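Just so we're on the same page, our numbering is the position in the sequence shown counted from 1, plus 159.
All remarks here apply to the structure that follows.
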Amino acid sequence: MLIIGIAGGTGSGKTTVVRKIIEKLPQGEVAVLPQDSYYRDNADMPLEERQEINFDHPDSIEFELLVKHLKKLKKGEPIDQPIYSYLTCLRSEETILVEPKEVVIVEGILALTQPELRDLMDLKVFVDCDADDRLNRVIKRDIIERGRSVEKVLNRYEKTVKPMHLQFIEPTKRYADIIVPQGGNNVVAIDILTHFIEKNLIVRM
Ligand SMILES: Nc1ncnc2c1ncn2[C@@H]1O[C@H](COP(=O)(O)OP(=O)(O)O)[C@@H](O)[C@H]1O
Ligand SMILES: O=c1ccn([C@@H]2O[C@H](COP(=O)(O)O)[C@@H](O)[C@H]2O)c(=O)[nH]1
Numbered sequence: 160m161l162i163i164g165i166a167g168g169t170g171s172g173k174t175t176v177v178r179k180i181i182e183k184l185p186q187g188e189v190a191v192l193p194q195d196s197y198y199r200d201n202a203d204m205p206l207e208e209r210q211e212i213n214f215d216h217p218d219s220i221e222f223e224l225l226v227k228h229l230k231k232l233k234k235g236e237p238i239d240q241p242i243y244s245y246l247t248c249l250r251s252e253e254t255i256l257v258e259p260k261e262v263v264i265v266e267g268i269l270a271l272t273q274p275e276l277r278d279l280m281d282l283k284v285f286v287d288c289d290a291d292d293r294l295n296r297v298i299k300r301d302i303i304e305r306g307r308s309v310e311k312v313l314n315r316y317e318k319t320v321k322p323m324h325l326q327f328i329e330p331t332k333r334y335a336d337i338i339v340p341q342g343g344n345n346v347v348a349i350d351i352l353t354h355f356i357e358k359n360l361i362v363r364m
């Protein structure tokens with residue numbers, strides 16, 4: 160099994176890069192563990208309080224469960240992946256059954272912050288993008304997909320998203336084997352990543 164970590168700021172294009180890699184590889188060979196699925200369940204808090212959580216701090220993620228799941232997949236065992244909703248800021252009662260695959264991608268803003276996770280990764284990628292482009296994309300996305308207003312997105316950006324990016328996310332660039340500028344639009348980088356994955360899969364077979 161090849162484990163790949165893909166980090167980068169919010170709106171940098173991580174999900175797009177993952178989607179394009181999957182499209183280029185044989186069907187059914189990749190499992191994705193989105194870090195966002197592992198946001199802690201704060202069902203004991205009222206919605207207004209949950210919406211104020213600092214979702215860009217490493218403590219907001221149940222990394223213990225993510226590491227446990229990755230280790231299980233590595234041992235060839237399936238996992239029950241949580242489902243998280245950005246609208247309710249809660250985990251669903253249901254889970255997704257994820258089977259072990261030849262390639263497992265761990266994707267998320269904080270994916271390279273944890274030493275234990277990094278140690279499990281065979282390839283570490285940081286998707287890089289200017290902050291103004293990221294903010295521009297996040298405003299559009301959060302209004303359409305996450306039920307936010309422009310004012311709410313900008314407030315959160317100033318209060319938590321930007322400071323946490325500078326404190327926790329940007330510094331993890333130093334752990335990356337590959338830094339991808341212009342995320343999903345970087346055809347060459349996606350090609351290189353796909354070739355690396357294919358080459359390693361052949362060697363391991
Ligand atoms: N290179 C790009 N140019 C313009 N828009 C992009 C680009 N890459 C991603 N997007 C858009 O920006 C938003 C965030 O991209 P996404 O891949 O989900 O980023 P992330 O997973 O890092 O938050 C999505 O709506 C996506 O379609
Ligand atoms: O309930 C939530 C949980 C997280 N967020 C924000 O999402 C981004 C990370 O997601 P990406 O898909 O990588 O952009 C992060 O900045 C969190 O603040 C949220 O808005 N609501």
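Where is the CB? At the ideal position from N, CA and C, for every residue including glycine.
Note that the coordinates shown come from a computational prediction; the quantities given were computed from them, not determined experimentally.
Proximity to GLU329 across SER171, ILE163, ILE162 and MET160 peaks at SER171, based on C-alpha coordinates. The three-state secondary structure of SER244, taken from DSSP, is strand. Considering only ILE220, ARG209 and ASN345, the residue with the shortest C-alpha distance to LEU192 is ILE220.
Across the structure, VAL309 and ILE298 are spaced so that their CA atoms are roughly 6 Å apart.
The continuous alpha helix (DSSP H) containing PRO274 extends over residues 274-279. Of all alpha-carbon atoms in LYS179, THR174, THR175 and GLU223, the one lying nearest the alpha-carbon of PRO274 is that of GLU223. Rounded to whole angstroms, GLY167 and LYS173 show a C-alpha spacing of 7 Å.
According to the DSSP assignment, LYS283 belongs to the beta strand (DSSP E) that extends over 282-287. As the crow flies, the alpha-carbon of GLY267 is around 12 Å from that of PHE214. Per DSSP, ALA335 lies in no alpha helix (DSSP H) and is assigned neither H nor E. In this structure, the straight-line span from the alpha carbon of ILE303 to that of HIS228 is close to 31 Å. Every alpha helix (DSSP H) stretch that sits fully inside the segment 189-216 and reaches 4 residues is listed by chain position as 206-209.
If the five residues before and after ILE337 are omitted, its C-beta is found closer than 6 Å to the C-beta atoms of VAL284, all from its own chain and listed in chain order. Assigned with DSSP and collapsed to three states, LEU269 falls in coil, not helix or strand. When the alpha-carbon of ASP218 is set against those of PHE327, ARG333, LEU279 and LEU352, the nearest one is in PHE327. Between the beta-carbon of VAL265 and that of GLY343 there is about 18 Å, and that puts the pair past the 8 Å contact cut. Each residue's CA atom was taken as its position, placing ASN359 and GLU207 some 47 Å apart. Between the segment 232-252 and the segment 195-209, the count of C-beta pairs closer than 8 Å reaches three or more; the two stretches touch. Secondary structure note for VAL320: it is in no beta strand (DSSP E), with a DSSP letter that is neither H nor E. Comparing C-alpha distances from PRO340 to each of ILE356, HIS324 and ASP289 shows the shortest one belongs to ASP289. According to the DSSP assignment, GLU252 belongs to the beta strand (DSSP E) that extends over 249-257. If you compare the alpha carbons of GLN194, VAL346, ASN295 and GLN186 with that of GLN240, the shortest gap goes to GLN194.
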